[in-house]
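J.:
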Amino acid sequence: MMRKEELDSLSDRAVINLPLKDLQEIVESEENLSEVMGTVLSGFLEVADDPYVSLKKLKGYITKVNVLMETLDTRTDIPLHERNRHRKMYCQLIRDYVPYALRNGIHRRNSFDHPRSSHNHRDNYYKARKVTLFHCDKYQPNVEGEWQ
Numbered sequence: 007m008m009r010k011e012e013l014d015s016l017s018d019r020a021v022i023n024l025p026l027k028d029l030q031e032i033v034e035s036e037e038n039l040s041e042v043m044g045t046v047l048s049g050f051l052e053v054a055d056d057p058y059v060s061l062k063k064l065k066g067y068i069t070k071v072n073v074l075m076e077t078l079d080t081r082t083d084i085p086l087h088e089r090n091r092h093r094k095m096y097c098q099l100i101r102d103y104v105p106y107a108l109r110n111g112i113h114r115r116n117s118f119d120h121p122r123s124s125h126n127h128r129d130n131y132y133k134a135r136k137v138t139l140f141h142c143d144k145y146q147p148n149v150e151g152e153w154q
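Per our numbering, residue 7 is the first one in the sequence shown, and the count goes up by one each step.
In structure tokens:
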């Protein structure tokens with residue numbers, strides 16, 4: 007288990023490169039979670055902005071941050087508005103920095119809600135956004151156009 011002081015000594019990019027298990031332990035136990043999630047997200051931003059990072063590696067980082075967001079949701083001691091703030095920041099990063107093809111690729115690999123043989127492009131686009139940005143669902147209009 008890594009202590010806060012050790013985490014502070016690392017660069018943002020080094021933090022996002024830590025093993026998932028270590029990052030999960032930090033997110034589960036850290037008191038000042040805002041700082042930790044900020045570091046993780048800025049590390050993700052550095053990686054996503056780097057033109058030399060392969061798509062495969064970028065997928066790995068996105069999966070890692072998705073798991074951390076799920077772990078964050080288990081922390082009931084943190085107010086909901088605080089958790090939502092991190093979720094919004096993360097979703098904005100995904101929208102701004104992750105290419106459409108990659109978002110769609112992640113959707114195809116992790117999809118549970120439709121058969122893999124679906125080739126309807128428009129349908130896949132909206133499902134890709136829904137699955138990739140599932141942490142932001144409450145900020146998206148639902149099918150009837152009402153905000154949830």
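Glycine is no exception: its CB is placed at the ideal position from the N, C-alpha and C atoms.
(1) Is V59 helix, strand or coil by DSSP?
(2) Can you check whether the CB of M43 is closer than 8 angstroms to the CB of L4?
(3) Kindly indicate which residue of M75, R101 and D18 has the alpha-carbon position closest to the one of V46.
(4) Buried or exposed: R89, going by 16 or more other Cβ atoms within 10 Å of its Cβ?
(5) Residues in its own chain within less than 6 angstroms of I68 by CB, not counting five upstream and five downstream?
(6) With respect to the alpha helix (DSSP H) encompassing R19, which residues constitute its N-terminal and C-terminal limits?
(7) I think L39 touches I100, with their Cβ atoms under 8 angstroms apart; what is that distance to the nearest whole Å?
(8) How would you label Y96, buried or exposed, when you count the other beta carbons within 10 angstroms and need 16 or more for buried?
(9) Measuring CB to CB, does V21 end up less than 8 angstroms from L74?
T.: According to the structure shown:
(1) Correct three-state label for V59: coil.
(2) No answer is possible for residue 4: it lies beyond the span of the chain, which begins at 7 and ends at 154.
(3) Out of M75, R101 and D18, D18 has the C-alpha closest to the C-alpha of V46.
(4) Label assigned to R89: buried.
(5) Excluding sequence neighbours, I68 sits near nothing in its chain.
(6) Bounds of the alpha helix (DSSP H) holding R19 are D18 to I22.
(7) Not a contact, Cβ separation roughly 20 angstroms.
(8) By the C-beta density criterion, Y96 is buried, having at least 16 other C-beta atoms within 10 angstroms.
(9) No.
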